[in-house]
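Colleague:
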Amino acid sequence: MKIGIVTSEAVPFAKSGGLADVAGTLFNVYHTKENEIYLFMPMYKTIKNIPSDLKTEGAIAIKIGSQEIEGQILSKEIEKGKTLVLIKQDHYFGRDSLYGTKQGDYPDNAERFGYFALAVLKAIDIMGINIDILHLNDWQTGLIPLFIKDKRLNIKTLFTIHNLGYQGNFPPGILDLLHIDRKYFRPEKIEFYNNVSFLKSGIVYSDFISTVSPTYAKEIRTKEYGVGMDGILNARKNCLIGVLNGIDYSMWNPETDKLIYKNYSTNTVKDKEENKVKLGEEFSFDVNGKPLYGLVGRLAGQKGIDILVDALNSFLNEDIRVIILGTGEKALEDALIDLQKQYPDKLKALIKFDEVTAHKIYAASDFFMMPSQYEPCGLGQLISLRYGTLPIVRETGGLKDTVDDYNEYTRCGNGISFSEYCSDDFLEAMQRAKKIYSDGKLYKQLQQNAMQCDFSWKRSADIYMKLFKRMLQS
Ligand code: ADP
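Numbering (this note's numbering), first residue to last: 60 to 533.
This is the structure we're talking about:
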């Protein structure tokens, strides 16, 4: 099979969140003897780890409004049958960040990713690849299925929704800029409350739709979680599945992780403690004998940071320690900095994006907090399970599918969960965690349960492969 993954980010080249981890890993796991894999992404100014000897496949010119916007298709076969394809267009992608600045999204994101969508199809044509399946990811790629249908190309598409909250909705002026026929601007097509929705285009025109956990696949068909797309998702429910993401255990493994202070495994889990001590030293706070609650993630409403701030306001009066690494909405960053000022010995708020510190926090913390309002899959809890760091999560989306609440009667479970989205219930969950921590034997048992969970990619990749085969037969 010839499979193209199209994404706006992928590790190790560019990352702002979980999509990058997923796309980068799929690039590796789809690559087998039977499959030829292509990864299409923009050539950002900030792109990392790309080979120096990129091949120029050809120049392109795409009509945006009345202008011909030139660009280049660059490629590199990284291994036999595994090729990276980059769309180079410096006006659109030669910027300091992927999607926007602190002030907000780049105002021309519709144009940037509209160009990207058209350029990917040009690249396939120029390179003469007989792609069987395009695996498209999120709104940035949502116009591709429409262009494929419109041009009657013989390529099947799977559109994966990593987060329904990001829809790529833009004023209808983009139709003319991208030369999209006005016949598509209807509520049952790509119109979404007088805007053009790139995400809706992906939902309506792809051959199959997936999202990143079975629970989220159900949730997004409800009013509460559907963000206005529940109607159209229900209309396509026979072509919608939830496939749980995995994590790359070659990158996220406490036994081999070079970024943490001290390696450990299920047999040497006591060495995890050294990570905690060293983290305490590095960030100058005394963590000795106190439960350490960590968080690494985007500081966004979705992630439950508001109820976290509320809950911590009272919880920090107890003898606990908290370390938070993240960037995001200014108000939430400020709220965490304020808390740090109030409790300088107990809470560290690191407002930055920092891979190395992230690894250290996963390894050093006793608990990992994810009180999300909604969570399509979530990678943080999967990573922390692997590192024997018990996740405290709200029962939603992928968190519900991967974390089993500790049951004091059966003594089973791999973490702690709560259901109602409110600070009181989250606080209660954190207090339960503290109680578990104080019972050393029980804590160690749950830690073993957590570390033995298998959320590797193999299972998910097998599901995608079966789906692709079915799509090609239909
Ligand atoms: P998202 O909704 O942001 O995709 P996920 O839990 O699916 O959330 O994935 C987030 C990924 O990004 C994880 O690998 C997490 O460790 C990483 N991450 C998030 N924020 C930061 C940060 N500030 N520094 C380092 N890594 C981060």
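Note that beta-carbon positions come from the ideal geometry of N, C-alpha and C, so glycine has one too. Owing to the predicted nature of the structure, the values given are computational and were not obtained by experimental measurement.
1) Under the criterion of a Cβ to heavy atom distance below 7 Å, does alanine 417 qualify as lining the ligand ADP?
2) Between which two residues does the alpha helix (DSSP H) holding proline 204 run?
3) Are the beta-carbon atoms of serine 75 and glycine 305 separated by less than 8 Å?
4) Return helix, strand or coil for glycine 356, following the three-state DSSP convention.
5) Going straight from the alpha carbon of tyrosine 252 to that of glycine 287, what length do you get?
6) In chain order, what residues of the same chain have a beta carbon less than 6 Å from the beta carbon of leucine 354, not counting five sequence neighbours either side?
7) To the nearest angstrom, how far is the alpha carbon of methionine 510 from that of lysine 500?
8) Can you tell me the Cα-Cα spacing of alanine 182 and glutamate 170, whole angstroms?
9) Would you identify the three-state DSSP class for phenylalanine 251, choosing helix, strand or coil?
10) Indicate whether the contact test is met: 3 or more Cβ pairs, each with one atom in the stretch 76-88 and one in the stretch 205-212, closer than 8 Å.
11) Pairing CB atoms from the stretch 100-113 with CB atoms from the stretch 141-161, are three or more of them under 8 Å?
12) Taking a contact to mean a Cβ-Cβ separation below 8 Å, would you say asparagine 254 touches proline 230 in this structure?
13) Taking only beta-carbon positions, decide if aspartate 425 is within less than 8 Å of chain B.
14) For the ligand ADP, is there a heavy atom less than 7 Å away from the beta-carbon of valine 452?
15) Look up lysine 407 in the DSSP assignment and give the residues it is bridged to.
16) Taking 7 Å as the limit between beta carbons, can you name the residues of its chain near valine 558, skipping five residues before and five after?
17) Checking the sheet assignment: what are the DSSP bridge partners for asparagine 466?
18) With DSSP as the reference, label lysine 493 as helix, strand or coil.
19) Could you tell me whether the Cβ atoms of histidine 194 and glycine 63 are closer together than 8 Å?
20) The ligand ADP and arginine 357: does any heavy atom of the ligand fall closer than 7 Å to the residue's C-beta?
21) Flag lysine 411 as yes when its Cβ comes closer than 7 Å to any non-hydrogen atom of the ligand ADP, and as no otherwise.
22) Which term fits cysteine 436, buried or exposed, when burial requires 16 or more other beta carbons within 10 angstroms of its beta carbon?
23) Under the three-state reduction of DSSP, which class applies to methionine 524: helix, strand or coil?
24) Given 7 Å as the limit, tell me if isoleucine 540 has its C-beta closer than that to any heavy atom belonging to the ligand ADP.
25) For lysine 242, does the three-state DSSP call read helix, strand or coil?
26) Classify proline 246: buried if its beta carbon has 16 or more other beta carbons within 10 angstroms, exposed otherwise.
27) Quick one: grab the DSSP three-state call for arginine 295.
28) Applying the 10 Å Cβ sphere with the 16-neighbour rule, what's the burial state of glutamine 199?
29) Is glutamate 414 near the ligand SAM, with its Cβ less than 7 Å from a heavy atom?
30) Among residues of its own chain, excluding the 5 on either side of glycine 285, which ones have a beta-carbon nearer than 6 Å to its beta-carbon?
31) Measuring straight from C-alpha to C-alpha, what distance separates lysine 308 and leucine 371?
32) Between the stretch 415-427 and the stretch 342-356, are three or more C-beta pairs nearer than 8 Å?
33) Tell me whether isoleucine 132 is buried or exposed, calling it buried when 16 or more other Cβ atoms sit within 10 Å of its Cβ.
34) Of the residues Gly130, Pro403, Cys512 and His418, which one's Cα is nearest the Cα of glycine 385?
35) Between the beta-carbon of glycine 159 and the beta-carbon of leucine 237, is there less than 8 Å?
Modeller: Looking at the coordinates:
1) For the purposes of this step, residue 417 is taken as the residue at position 358 of the sequence shown. Indeed, a heavy atom of the ligand ADP lies less than 7 Å from the Cβ.
2) The residue you call residue 204 lines up with position 145 of the sequence shown. It spans 202-209 - the alpha helix (DSSP H) in which proline 204 sits, taken as one unbroken run.
3) Taking the sequence shown and counting its residues from 1, the one referred to as residue 75 is at position 16. Taking the sequence shown and counting its residues from 1, the one referred to as residue 305 is at position 246. Their beta carbons are not under 8 Å apart, which means serine 75 does not touch glycine 305 by this criterion.
4) Within the sequence shown, numbered from 1, the residue matching residue 356 stands at position 297. Looking at glycine 356 - three-state DSSP - the assignment turns out to be coil, as it is neither helix nor strand.
5) On the sequence shown, residue 252 is found 193 positions in, with the first residue counted as 1. On the sequence shown, residue 287 is found 228 positions in, with the first residue counted as 1. Those two C-alpha atoms are separated by around 9 Å.
6) Here residue 354 corresponds to residue number 295 of the sequence shown, with the count starting at 1. Closer than 6 Å at Cβ, skipping near neighbours: Ile383 and Met428.
7) Against the sequence shown, residue 510 aligns to sequence position 451. Against the sequence shown, residue 500 aligns to sequence position 441. Rounded to whole angstroms, methionine 510 to lysine 500 spans 15 Å at the Cα level.
8) Mapped onto the sequence shown, residue 182 falls at position 123. Mapped onto the sequence shown, residue 170 falls at position 111. Cα-Cα distance, rounded: 18 Å.
9) Residue 251 sits at position 192 when you count from the first residue of the sequence shown. Strand, per DSSP.
10) no
11) yes
12) Here the question's residue 254 lines up with position 195 in the sequence shown. Here the question's residue 230 lines up with position 171 in the sequence shown. Closer than 8 Å, so yes.
13) Any reference to chain B falls outside this structure, which holds one protein chain only.
14) Locating residue 452 in the sequence shown gives position 393, where the first residue counts as 1. Flag unset: Cβ of valine 452 not near the ligand ADP.
15) Within the sequence shown, residue 407 is the residue found at index 348, counting from 1. Bridge partners of lysine 407: Ile382.
16) Outside the displayed range of the chain (60 to 533) lies residue 558, so it cannot be described from this structure.
17) For the purposes of this step, residue 466 is taken as residue 407 along the sequence shown, with counting starting at 1. Bridge partners of asparagine 466: Cys471.
18) Taking the sequence shown and counting its residues from 1, the one referred to as residue 493 is at position 434. The answer is helix: DSSP assigns lysine 493 an H, G or I state.
19) The residue labelled residue 194 in the question sits at position 135 within the sequence shown. The residue labelled residue 63 in the question sits at position 4 within the sequence shown. Cβ distance < 8 Å, so histidine 194 and glycine 63 count as in contact.
20) Translated into the one-based positions of the sequence shown, residue 357 becomes position 298. Residue side-chain check: arginine 357 places its Cβ nearer than 7 Å to a non-hydrogen atom of the ligand ADP.
21) Working through the sequence shown from its first residue, we reach residue 411 at position 352. Yes, the ligand ADP has a heavy atom inside 7 Å of this Cβ.
22) Position 377 of the sequence shown holds residue 436. It is buried - the Cβ of cysteine 436 has at least 16 other Cβ atoms within 10 Å.
23) Taking the sequence shown and counting its residues from 1, one reaches residue 524 at position 465. Methionine 524 falls in the helix class under three-state DSSP.
24) Any answer about residue 540 is impossible in this case: the structure gives the chain only from 60 up to 533.
25) For the purposes of this step, residue 242 is taken as the residue at position 183 of the sequence shown. Here lysine 242 sits in helix by DSSP.
26) Position 187 of the sequence shown, counted from the start, is the residue given in the question as residue 246. The residue is exposed, with fewer than 16 neighbouring Cβ atoms inside 10 Å.
27) Position 236 of the sequence shown holds residue 295. Coil, per DSSP.
28) Mapped onto the sequence shown, residue 199 falls at position 140. Buried is the call here.
29) By its list of ligands, the structure shown excludes the ligand SAM, since it contains just the ligand ADP.
30) By 1-based counting over the sequence shown, the position of residue 285 is 226. So the qualifying residues of the chain are Ile279.
31) For the purposes of this step, residue 308 is taken as residue 249 along the sequence shown, with counting starting at 1. For the purposes of this step, residue 371 is taken as residue 312 along the sequence shown, with counting starting at 1. With the sequence shown as reference, residue 308 is identified as tyrosine, and lysine is not the correct amino acid for it. Rounded to the nearest angstrom, the two C-alpha atoms are 32 Å apart.
32) yes
33) As a working note, residue 132 is residue 73 in the sequence shown. Burial check for isoleucine 132: the Cβ neighbour count within 10 Å reaches 16 or more, so the residue is buried.
34) Numbered from 1 along the sequence shown, position 326 holds the residue referred to as residue 385. Nearest of Gly130, Pro403, Cys512 and His418 to glycine 385, Cα basis: His418.
35) The sequence position of residue 159 within the sequence shown is 100, counting from 1. The sequence position of residue 237 within the sequence shown is 178, counting from 1. For glycine 159 and leucine 237, no; Cβs fall outside 8 Å.
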